[in-house]
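Undergrad: Before I ask anything, here is the structure I am working with.
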């Protein structure tokens, strides 16, 4: 007989995490997995060398507008951690792994990469062009935008076929785990205002990407209409 486990109970939370780990082990490696490894390598390098200056690697306004020609900063800035620290490196790589094994698995690598780079570029333009920041590093702005897309797509993980100790009476939705991880990334930041603005820009760009899909408008209209008739 299946146990009656609430999603927000202690047992429900840890089992949903364990279910994802078990299911993701059976899925093929992906682009986000490679990004997670590179991010870990950059985080470890920053910790080991004690380098805290972002000026030589971050994306700035001049680089954004290609002043002075192409620059390696376009490639390198996304791997450089927003802030140094083991905890931040762990959280960042975990977010990438969930994106890879949930959203990328659902959409395919080509669409996932296009979304990731598009949201990162849009967030960089918003943040740098309008002066919200002068130095942009990491994929953390894009994480917030991708979280919006993940919430819409809502990939699910099932516990069917797993052992009795991991059986759940509900489908696991990684989107909620992503929001929690992003919350931890925000709260763990030493420069909270900068982290807040960076994630905020990603949310705006992700929402704009979402609103380009006609089905979003039709679903919203159908929801409003059904509520107005049922009221």
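In this note's numbering, the protein residues as written are 2 to 232. Think of the CB as a built atom: it goes at the ideal place given N, C-alpha and C, for glycine as much as any other residue. Predicted, not measured: the structure shown is a model, and the values here were computed from it.
Give the DSSP-derived three-state secondary structure of residue 39 in the structure shown.
TA: The residue given as residue 39 occupies position 38 in the chain shown. Helix, per DSSP.
Undergrad: Should the segment 104–121 be regarded as contacting the segment 140–147, the criterion being three or more beta carbon pairs within less than 8 angstroms?
TA: yes
Undergrad: Check whether the segment 156–169 and the segment 79–88 touch, using three or more Cβ-Cβ pairs below 8 angstroms as the test.
TA: no
Undergrad: Apart from the five residues just before and just after residue 62, which ones in its own chain have a Cβ nearer than 6 angstroms to its Cβ?
TA: The sequence position of residue 62 within the chain shown is 61, counting from 1. For residue 62, where only same-chain residues beyond five positions count, the Cβ hits under 6 angstroms are 129.
Undergrad: So residue 210 is in the alpha helix (DSSP H); what residue range does that whole segment cover?
TA: Taking the chain shown and counting its residues from 1, one reaches residue 210 at position 209. 193–212 is the span of the alpha helix (DSSP H), which, as asked, contains residue 210.
Undergrad: Using the rule of at least 16 other Cβ atoms within 10 Å of the residue's Cβ for burial, across every protein chain shown, is residue 47 buried or exposed?
TA: Taking the chain shown and counting its residues from 1, one reaches residue 47 at position 46. The residue in question, residue 47, is buried, as its Cβ has 16 or more Cβ neighbours within 10 Å.
Undergrad: Taking the straight line between their C-alpha atoms, what separation do you get for residue 225 and residue 219?
TA: To locate residue 225, count along the chain shown from 1; it is residue 224. To locate residue 219, count along the chain shown from 1; it is residue 218. Spanning the two alpha carbons is a distance of roughly 10 angstroms.
Undergrad: Output the distance between the C-alpha atoms of residue 32 and residue 109, rounded to the nearest integer angstrom.
TA: For the purposes of this step, residue 32 is taken as the residue at position 31 of the chain shown. For the purposes of this step, residue 109 is taken as the residue at position 108 of the chain shown. Taking the straight line joining both Cα atoms gives about 10 angstroms.
Undergrad: Under three-state DSSP, which class holds residue 137?
TA: Numbered from 1 along the chain shown, position 136 holds the residue referred to as residue 137. The answer is strand: DSSP assigns residue 137 an E or B state.
Undergrad: Going by beta-carbon coordinates alone, are residue 54 and residue 138 separated by less than 7 angstroms?
TA: For the purposes of this step, residue 54 is taken as residue 53 along the chain shown, with counting starting at 1. For the purposes of this step, residue 138 is taken as residue 137 along the chain shown, with counting starting at 1. No, Cβ-Cβ distance for residue 54 and residue 138 is not below 7 angstroms.
Undergrad: Is residue 20 helix, strand or coil by DSSP?
TA: In the chain shown, the residue the question calls residue 20 occupies position 19. Correct three-state label for residue 20: helix.
Undergrad: To which residues does DSSP link residue 158 through a beta bridge?
TA: Start at 1 with the first residue of the chain shown, and residue 158 comes out as number 157. Looking at the DSSP assignment, residue 158 forms a beta bridge with 173.
Undergrad: Quick check on residue 206: buried or exposed, where buried means 16 or more other Cβ atoms within 10 Å of its Cβ?
TA: Here residue 206 refers to the residue found at position 205 when the chain shown is read from its first residue. It is buried - the Cβ of residue 206 has at least 16 other Cβ atoms within 10 Å.
Undergrad: Does the structure place the segment 93–107 close enough to the segment 171–184 that three or more beta carbon pairs sit under 8 angstroms?
TA: yes
Undergrad: Going by DSSP, what residue range makes up the alpha helix (DSSP H) through residue 130?
TA: Indexing the chain shown from 1 puts residue 130 at position 129. Residues 110–130.
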